[in-house]
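J.: Residue numbers (full-length UniProt numbering), protein chains in the order written: chain A, 1 to 300; chain B, 1 to 452. The C-beta atom is built at its ideal place from N, Cα and C for all residues, glycine as well. Keep in mind that this is a model prediction, so the values were computed, not measured.
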Amino acid sequence: MLNFGVLEVANSTVPAAPGWAYVPDVGANASMSALQPSRSKRMRAQIAASPHETTAKQDAKILRELTALDRENHRDVSIPVPVRHRDNAGRVSHGKVTPAVRKILQSQKTFANHLADYEALSVINSSLPPSNQPVVPSPATPSTPHPPSTSKRTHRKKDAGAGPAPTPLRRVSAASEAATPAPIKSEISHDTPMKDAPILSLNSTAEPPPHPEDNNPLLVSWIPQLPTQEEMEKLLAAPPLSYNDARGPWIPDDMRKPVRHFCDVCGYWGRVRCMRCGGRVCALECLGVHQEECFTRYGA
Amino acid sequence: MAPGHRRTKSSGPAPPARTLIIDNGAYTMKAGFSSPASTSAPSVIPNCMARDRERNVYIGSQLSKCKDFGEIVFRRPVEKGYLVNWEAEKEIWDHEFFEGKAPLRCDPRETGLILTEAPNALPQLQTNCDQMVFEEFGFASYLRCPAPVLNAYNDIQAMFKAPPRDPTKPLLPAEIILLIDSGYSHTTITPLIQGRPLQSAIRRLDVGGKLLTNHLTRLLSLRQYDMRNDTYLVNEIKEACCYVSKDFKADMEATWKGPKGDRREIYETAGGIAKDYILPDFHKRTKGEMRDHDPGLAGKLKQLQSGKAPEAAEDILTLRNERFTVPELLFNPSDIGMRQSGIAELVMDSLSALPFGLWPGFLANIIVVGGNANIDGFLWRLQVEIQALAPTECIVRVVRPADPVVSTWNGGAELAKDVDLLSSMSVTKQEYDEYGAAWVARKFGGDPNWKW
Numbered sequence: 001m002l003n004f005g006v007l008e009v010a011n012s013t014v015p016a017a018p019g020w021a022y023v024p025d026v027g028a029n030a031s032m033s034a035l036q037p038s039r040s041k042r043m044r045a046q047i048a049a050s051p052h053e054t055t056a057k058q059d060a061k062i063l064r065e066l067t068a069l070d071r072e073n074h075r076d077v078s079i080p081v082p083v084r085h086r087d088n089a090g091r092v093s094h095g096k097v098t099p100a101v102r103k104i105l106q107s108q109k110t111f112a113n114h115l116a117d118y119e120a121l122s123v124i125n126s127s128l129p130p131s132n133q134p135v136v137p138s139p140a141t142p143s144t145p146h147p148p149s150t151s152k153r154t155h156r157k158k159d160a161g162a163g164p165a166p167t168p169l170r171r172v173s174a175a176s177e178a179a180t181p182a183p184i185k186s187e188i189s190h191d192t193p194m195k196d197a198p199i200l201s202l203n204s205t206a207e208p209p210p211h212p213e214d215n216n217p218l219l220v221s222w223i224p225q226l227p228t229q230e231e232m233e234k235l236l237a238a239p240p241l242s243y244n245d246a247r248g249p250w251i252p253d254d255m256r257k258p259v260r261h262f263c264d265v266c267g268y269w270g271r272v273r274c275m276r277c278g279g280r281v282c283a284l285e286c287l288g289v290h291q292e293e294c295f296t297r298y299g300a
Numbered sequence: 001m002a003p004g005h006r007r008t009k010s011s012g013p014a015p016p017a018r019t020l021i022i023d024n025g026a027y028t029m030k031a032g033f034s035s036p037a038s039t040s041a042p043s044v045i046p047n048c049m050a051r052d053r054e055r056n057v058y059i060g061s062q063l064s065k066c067k068d069f070g071e072i073v074f075r076r077p078v079e080k081g082y083l084v085n086w087e088a089e090k091e092i093w094d095h096e097f098f099e100g101k102a103p104l105r106c107d108p109r110e111t112g113l114i115l116t117e118a119p120n121a122l123p124q125l126q127t128n129c130d131q132m133v134f135e136e137f138g139f140a141s142y143l144r145c146p147a148p149v150l151n152a153y154n155d156i157q158a159m160f161k162a163p164p165r166d167p168t169k170p171l172l173p174a175e176i177i178l179l180i181d182s183g184y185s186h187t188t189i190t191p192l193i194q195g196r197p198l199q200s201a202i203r204r205l206d207v208g209g210k211l212l213t214n215h216l217t218r219l220l221s222l223r224q225y226d227m228r229n230d231t232y233l234v235n236e237i238k239e240a241c242c243y244v245s246k247d248f249k250a251d252m253e254a255t256w257k258g259p260k261g262d263r264r265e266i267y268e269t270a271g272g273i274a275k276d277y278i279l280p281d282f283h284k285r286t287k288g289e290m291r292d293h294d295p296g297l298a299g300k301l302k303q304l305q306s307g308k309a310p311e312a313a314e315d316i317l318t319l320r321n322e323r324f325t326v327p328e329l330l331f332n333p334s335d336i337g338m339r340q341s342g343i344a345e346l347v348m349d350s351l352s353a354l355p356f357g358l359w360p361g362f363l364a365n366i367i368v369v370g371g372n373a374n375i376d377g378f379l380w381r382l383q384v385e386i387q388a389l390a391p392t393e394c395i396v397r398v399v400r401p402a403d404p405v406v407s408t409w410n411g412g413a414e415l416a417k418d419v420d421l422l423s424s425m426s427v428t429k430q431e432y433d434e435y436g437a438a439w440v441a442r443k444f445g446g447d448p449n450w451k452w
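1. So, under 8 Å CB-CB, B:Ala364 and B:Ala201 are touching, yes? Tell me the CB distance rounded to an integer number of Å.
2. Can you pull the DSSP bridge partners for B:Glu289?
3. Taking 8 Å as the threshold (beta carbon to beta carbon), is B:His293 in contact with chain A?
4. Under 8 Å between C-beta atoms, does B:Val57 make it to chain A?
5. Any beta carbon of chain A sitting closer than 8 Å to that of B:Tyr82?
6. Count the CB pairs spanning the region 118-132 of chain B and the region 60-69 of chain B that are closer than 8 Å, and state whether there are at least three.
7. Anything in chain A within Cβ reach of B:Gln224, meaning under 7 Å, just list it in chain order.
8. DSSP three-state call for A:Met275: helix, strand or coil?
9. Quick check on B:Ala88 - is its C-beta less than 8 Å from some C-beta in chain A?
10. What's the gap between the Cα of B:Pro391 and the Cα of B:Gln194?
11. On the DSSP bridge assignment, give the partners of B:Asn24 in chain order.
12. State the start and end residues of the unbroken beta strand (DSSP E) segment that holds B:Val368.
13. Helix, strand or coil: how does DSSP classify B:Phe134 here?
14. Less than 8 Å separating the beta-carbons of A:Leu226 and B:Leu198?
15. Verify whether the separation of the beta carbon atoms of B:Asp376 and B:Val244 is less than 8 Å.
16. The alpha helix (DSSP H) with A:Tyr118 in it runs from where to where?
17. Could you tell me the boundaries of the beta strand (DSSP E) in which B:Phe74 lies?
18. Taking 8 Å as the CB-CB cut-off, is B:Pro360 touching chain A?
19. Is the shortest distance between the beta-carbon of B:Asp433 and the beta-carbons of chain A less than 8 Å?
20. How should A:Pro209 be labelled, buried or exposed, when 16 other C-beta atoms within 10 angstroms of its C-beta is the threshold for buried?
21. Considering just the uninterrupted stretch of the beta strand (DSSP E) at B:Cys241, what are its terminal residues?
22. Can you grab the Cα-Cα spacing for the pair A:Leu69 / A:Ile62, in whole Å?
23. On a Cα-Cα basis, can you pick out the residue from B:Lys161, B:Asn154 and B:Phe160 that is closest to B:Pro167?
24. Output yes if chain A places a C-beta closer than 8 Å to the C-beta of B:Arg203; else output no.
25. Using a 10 Å radius around the Cβ and a threshold of 16 neighbouring Cβ atoms, would you call A:Asp264 buried or exposed?
26. The alpha helix (DSSP H) spanning B:Leu421 covers which residue range?
27. Against A:Cys266, what residues of chain B qualify as contacts under a CB-to-CB distance less than 7 Å, listed in chain order?
28. Using only CA atoms, which one of A:His261, A:Val259 and A:His290 lies nearest to A:Cys274?
29. Pull out every residue of the region 268-293 of chain A whose Cβ sits closer than 8 Å to any Cβ of chain B, in chain order.
30. Taking the straight line between their C-alpha atoms, what separation do you get for B:Asp281 and B:Ala50?
31. With three or more beta-carbon pairs closer than 8 Å as the criterion, would you say the region 368-385 of chain B touches the region 173-188 of chain B?
32. Who are the near neighbours of B:Ile266 in its chain, counting only those whose CB is closer than 7 Å to its CB and skipping five residues on each side?
33. What residues in its chain sit with their C-beta under 7 Å from that of A:Glu72, if we drop five residues either side in the sequence?
34. Looking at the secondary structure, which residues open and close the alpha helix (DSSP H) in which B:Met159 lies?
35. Could you tell me which of B:Glu87, B:Leu83, B:Gly81 and B:Tyr82 sits nearest to A:Ser78, measuring between CA atoms?
36. Between B:Leu346 and chain A, is the shortest Cβ-Cβ distance under 8 Å, so that the two count as touching?
Structural data, given as structure tokens:
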């Protein structure tokens, strides 16, 4: 985090005031600048000749369309909770409403708000030195009804070595395949560590009957070695990833593939680009249909 | 989970006689009761408040009384798979579970609760959930867990045509499964060992039923009718007509009209791909219907275009490449410019976070649940794509349960039959009152030092 040499003095107790939130400032927002691209010739020159050459304008269009695809209703609507249920005899009584519950019920935050809050908090947490991390209280200590979510997220995988169980790196695909221990024969199953409660066990109770071809090297089956008990416990104990970390990546193999384009009009392969807006169409006929709309939209 | 690890129950009250299991999805919630003695089939309840064009408001299961779905709008308390708006959710739960004439009426003080959430939930939302369950509703005991986990308690091996498990033996979660949950908001990939998720390998693809429906809406609105205010209808079209293509390029060629002045013969029927969907008008016809495409049949749109009176005709949408390009987004999200890889690639990405020794087990036990698993051809395509990416020696098996929508619920019902196992995993109201919300959050939160 760029902080211009200013170190924030430990001030982790952020009062959770309603109505505002810390938001991490992560530099220039690509989506915002894409929405209002500066229309200079210099921008054009930067377009790289990659399989995904998209201009800022196209990026903005894609972003707009993806947001539209995420909507619940086409128009903005608000459906209030029917009033008759609110407080007269129709209401189901669950006893006294506690302040925490009242706050939750009145909250009109959306998921995006919650996510922004969470991101801001985790930025604050990760910028603190690890010694400031609060100790996890023992179960007997009385705790507030509003636990600061800081205490739960102290062992995030980003603070290296802070958590007792470091999460395995996410991109170990190539490494793990290369570093795979030499495959061993299935007889080795007797050697798997059998502790009091093995997490994984090869089913060695039912040995298959011996066969004269058992020693034929061409027929030997190979299986990779199962991870040890400690490895498994470490894996099972790993804390959950955050919402953003769990989002599946765009793997490099897919990035190298050319993106498929489809005709805006009929849905066939988009082989022709409109000279005017960059939209894709399949052939002359669809281009004509497209240009009718394209020219009127931009006022020709 | 060995018996030695189970927490001995403190001198609390006996566990509640029956358990309410709620699989709280964004589109529908699956709810019903289970107890060691009996399990009823779950009710699939729309998890929404809806308003039609006469401004009638429907709550949850009232939606089945709705006769006119034209221009209906929805408010959903679950957003992106996570329970966000408790004001609306409480209204729906009250209507379904607690009111005088509720279809699944229960007294929360005498009922246990199993509630599912999507994996990787935000801690604040989890805390809100715990507080509402205990402080507002006051359930006797409560287990909050990621939805994929419950699937491990189903009889997985029976899905793979193995002999069913012995009902006399104690319930054990499946040893090793890779669970793909493709729902309304997103698709998640969760590797599970002994019913416990491997958190570091959970991956999410932000393509779900909602995005598919909205994409189909967009295509139909551009090409035929403006359906943007009728997403409910488009969802029915999607469920009736869409399929995952076995050969995308060939299907695409078959549905091409050909260049100008050179119409392809195959175009009209597109080798059986072209289908007509008869739209409901909510007077004579309340339910849409799919038929094979009949080129001679003049629908309302055609009659309008040729200037005839459109009185007698039906409203017909002809679907061609829309049928398979829409579910294709699950396998190629980059088709609409999303910067994510498809399901098969994400499965391999998830496995790459795990030791190589576990790969054969996971690849041979892939279960697909969620509404999108019902799309024709989905399993076949997924199996082929994963097989292509996986090491050649590995066997890849992909199956779905008989009803992928309620599979998670069924797993929860199985779990609720084992009272000891369930009570060792859940939290009682007493414990909540004594130790507080933070303690509950840690117990459910996969704390590394926590022993179940």
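T.: Working from what's here:
1. Going by Cβ atoms, the distance from B:Ala364 to B:Ala201 rounds to 17 Å, so no, they are not a contact pair.
2. Assignment of beta-bridge partners to B:Glu289 by DSSP yields B:Ile278.
3. B:His293 does not count as touching chain A.
4. Judged by the 8 Å Cβ criterion, B:Val57 is in contact with chain A.
5. Cβ-Cβ to chain A under 8 Å: yes for B:Tyr82.
6. The answer is no - the region 60-69 of chain B does not touch the region 118-132 of chain B, with fewer than three Cβ pairs under 8 Å.
7. Here the premise fails: no neighbours, minimum Cβ distance about 12 Å.
8. Coil, per DSSP.
9. Interface annotation, B:Ala88: in contact with chain A, CB-CB separation under 8 Å.
10. Each residue's CA atom was taken as its position, placing B:Pro391 and B:Gln194 some 24 Å apart.
11. B:Asn24 is bridged to B:Met29.
12. DSSP places B:Val368 in the uninterrupted beta strand (DSSP E) bounded by Ile366 to Val369.
13. Note: B:Phe134 maps to helix in three-state DSSP.
14. No, the pair does not count as a contact, with Cβ atoms beyond the cut-off.
15. In this structure, B:Asp376 places its C-beta atom within 8 Å of the C-beta atom of B:Val244.
16. Phe111 to Ser127 is the span of the alpha helix (DSSP H), which, as asked, contains A:Tyr118.
17. DSSP places B:Phe74 inside the beta strand (DSSP E), whose first and last residues are Val73 to Arg75.
18. Closer than 8 Å to some Cβ of chain A, the Cβ of B:Pro360 qualifies, so yes.
19. Not closer than 8 Å to any Cβ of chain A, the Cβ of B:Asp433 fails to qualify, so no.
20. That one is exposed.
21. It is not in any beta strand (DSSP E) - B:Cys241 instead sits in the alpha helix (DSSP H) that spans Thr231 to Cys241.
22. Their Cα atoms are separated by approximately 10 Å.
23. Considering only alpha carbons, the answer is B:Asn154.
24. Chain A has a Cβ within less than 8 Å of the Cβ of B:Arg203.
25. Of the residues assessed, A:Asp264 falls on the buried side of the cut-off, its CB having 16 or more other CB atoms within 10 angstroms.
26. In the DSSP assignment, B:Leu421 falls within the unbroken alpha helix (DSSP H) covering Val419 to Met425.
27. Here the neighbours are Lys257.
28. The closest CA to that of A:Cys274, considering only A:His261, A:Val259 and A:His290, is found on A:His290.
29. Residues passing the 8 Å Cβ filter: Tyr268, Trp269, Cys282, Ala283, Leu284 and Glu285.
30. Annotation: B:Asp281 to B:Ala50 spans about 19 Å, alpha carbon to alpha carbon.
31. Yes, since at least three Cβ pairs between the region 368-385 of chain B and the region 173-188 of chain B fall closer than 8 Å, the two stretches touch.
32. Answer for B:Ile266: Ala254, listed in chain order.
33. There are no such residues.
34. Residues Ile156 to Met159.
35. Looking at B:Glu87, B:Leu83, B:Gly81 and B:Tyr82, the one whose alpha-carbon comes closest to that of A:Ser78 is B:Glu87.
36. Taking Cβ atoms only, chain A reaches closer than 8 Å to B:Leu346, which makes this a yes.
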